[in-house]
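**Q**
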Amino acid sequence: MRQDGPASELTSEYFANIYFSMTVWWHGQLIHGIELGPGESRIFSGHKAAPYSDTIAEAMRLYQNRNRVQWTAPPLDWSLITSPFQRQVLQTLFKNIPFGRTTSYGQLAGLSGNSRSARAVGWAMSQNPWPIIIPCHRVLTSKGTIGGFSSGTELKKILLSLEGFFIAQ
DNA sequence: TCTATGACGGTTG
DNA sequence: GCAACCGCCATAG
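Take any residue in the first sequence, count from 1 to its spot, add 137: that is its number in my numbering.
1) Tell me whether N251 counts as near the ligand FMN, meaning its Cβ is closer than 7 Å to at least one heavy atom of that ligand.
2) Any idea what DSSP makes of F231, helix, strand or coil?
3) Please classify I193: does DSSP put it in a helix, a strand, or coil?
4) Apart from the five residues just before and just after I234, which ones in its own chain have a Cβ nearer than 8 Å to its Cβ?
5) For F222, which three-state DSSP category applies?
6) Can you have a look at P268 and say buried or exposed, based on whether 16 or more other CB atoms are within 10 angstroms of its CB?
7) Given a threshold of 16 other Cβ atoms within 10 Å of its Cβ, counted over all protein chains shown, does S254 qualify as buried or as exposed?
8) With distance defined between alpha-carbon atoms, name the residue in Q207, P188 and L227 nearest to A261.
9) Determine the burial state of Q207: buried for a count of at least 16 other Cβ atoms within 10 Å of its Cβ, exposed for fewer.
10) With Y156 and G183 assumed to form a contact (beta carbons below 8 Å), what rounded beta-carbon distance in angstroms separates them?
11) Reducing DSSP to helix, strand and coil, say where I295 ends up.
12) Along the chain, where does the beta strand (DSSP E) that runs through V161 open and close?
13) My guess is that L173 and L213 are in contact by the Cβ rule of under 8 Å, so how many angstroms apart are they, rounded?
14) When you compare only the Cα positions, how much space is there between S252 and A153?
15) G237 and R203 look like a contact to me (Cβ under 8 Å); what is the Cβ gap, rounded to whole Å?
16) Could you round the C-beta distance between Y242 and G289 to whole angstroms and report it? I think they count as a contact, below 8 Å.
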């Protein structure tokens with residue numbers, strides 16, 4: 138008898154614009170994870186693996202045109218987040234820091250309940266399964282420097298520039 | 001439980 | 001401006 142875990146039921150879908158690409162891992166109609174990569178010479182719009190695929194494809198076009206992107210009710214698989222703290226931080230970031238705004242690790246810690254948890258917020262960001270949708274690229278250091286990014290700080294700078302920011306260094 | 005580890009932040013020299 | 005420290009917090013093992 139096979140014992141299929143969630144991992145065996147995952148399917149992937151690829152999207153890209155000229156600035157960055159994203160591979161979306163679906164668990165049914167829920168987003169299990171997102172991997173970011175370099176841009177492509179042409180747009181890839183996925184293959185409609187789920188109802189929300191169209192929304193993602195549209196967001197890729199909006200980003201390429203430097204237009205505002207606002208994710209509405211993304212079907213994220215929150216069961217993946219077992220830590221209450223991490224869930225609080227990710228949800229706070231999603232709700233409070235919209236396109237075109239940035240915050241710091243310390244500020245996000247404060248919004249999430251404890252202003253001294255900046256370092257733990259950094260850890261939560263590093264574990265974010267859904268970059269771009271949960272906008273961890275909008276979290277900078279208190280000094281305004283870039284901070285870190287799982288897919289590389291260059292990509293973080295690109296995303297910020299598409300939202301109207303220019304980070305020196 | 002204890003220890004090590006970080007996408008941090010503030011202070012100090 | 002910067003590098004060295006030190007304090008803090010939430011996890012992982």
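For each residue, glycine too, the CB sits at the ideal point set by N, CA and C.
Note that the structure is predicted; figures quoted are calculated from it, not measured.
**A** Put simply:
1) This structure lacks the ligand FMN; in fact it carries no ligand of any kind.
2) helix
3) helix
4) T240, L245, P272, R275 and V276
5) helix
6) buried
7) buried
8) L227
9) exposed
10) About 16 Å; that fails the 8 Å criterion.
11) helix
12) F157 to H164
13) That pair is no contact at about 16 Å.
14) 37 Å
15) Not confirmed; about 11 Å, so no contact.
16) So it is not a contact: roughly 18 Å between Cβ atoms.
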